[in-house]
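In the numbering used here, the protein residues as written are 2 to 170. Structure record follows, encoded as structure tokens.
Next up, the structure:
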């Protein structure tokens, strides 16, 4: 091999390791997020949340700001009980400036196949979650059955919502 090819290969390897694309960086953050949850590592998990972090869970009542989510989740982590979500498929998108990313992913979990989606914002050189949404997937062929199963809970929830003023938070 000629010397210039060896030098080019070495330079490519060095710069390739330090100059990951924005997509690779966001992908790595998403993987860190899931790994921290699976190992109940609250410090690492929380470090990936931006100051404006918001979590929307599978239950209609799970619409939490950062502190409310910490109040819910940290006790599980403190007991060594995280949750394992293994990505099956992931899509990552960016704004033109490459400082805001949004994603959707299908996950294998204790709830079956779920969908995670959210927004990350590049803050002082670090990608941080602004929002994470976890949804359970329901095959269309089973939607009527699921609707019937949750009909009573939905009715109670809607009554509760109708009894309070609906204002954006």
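Yeah, the Cβ is synthetic: ideal placement off N, Cα and C, and Gly gets one too. Just so you know, these numbers come straight off a predicted model, no measurement behind them.
- Under the three-state reduction of DSSP output, residue 163 falls in the helix class.
- Just so you know, the alpha carbons of residue 129 and residue 40 end up roughly 19 Å apart.
- Each residue's CA atom was taken as its position, placing residue 80 and residue 105 some 29 Å apart.
- Judged by beta-carbon spacing, residue 58 lies beyond the 8 Å limit of residue 86, meaning their Cβ atoms are not closer than that value.
- Collapsing the DSSP output to three states places residue 145 in a helix.
- By the C-beta density criterion, residue 35 is buried, having at least 16 other C-beta atoms within 10 angstroms.
- Each residue's CA atom was taken as its position, placing residue 60 and residue 37 some 22 Å apart.
- In terms of Cα proximity to residue 123, the closest of 95, 144, 137 is 95.
- Between residue 91 and the set 153, 107, 101, 77, the nearest pair of CA atoms involves 107.
- Sixteen is the threshold: since fewer than 16 other Cβ atoms of the shown chains lie within 10 Å of the Cβ of residue 113, the residue is exposed.
- Counting only the Cα atoms, residue 161 lies some 27 Å from residue 75.
- Taking a 10 Å sphere around the C-beta of residue 28, we find 16 or more other C-beta atoms and assign the residue as buried.
- In the three-state reduction of the DSSP assignment, residue 116 falls in the strand class, which pools E and B.
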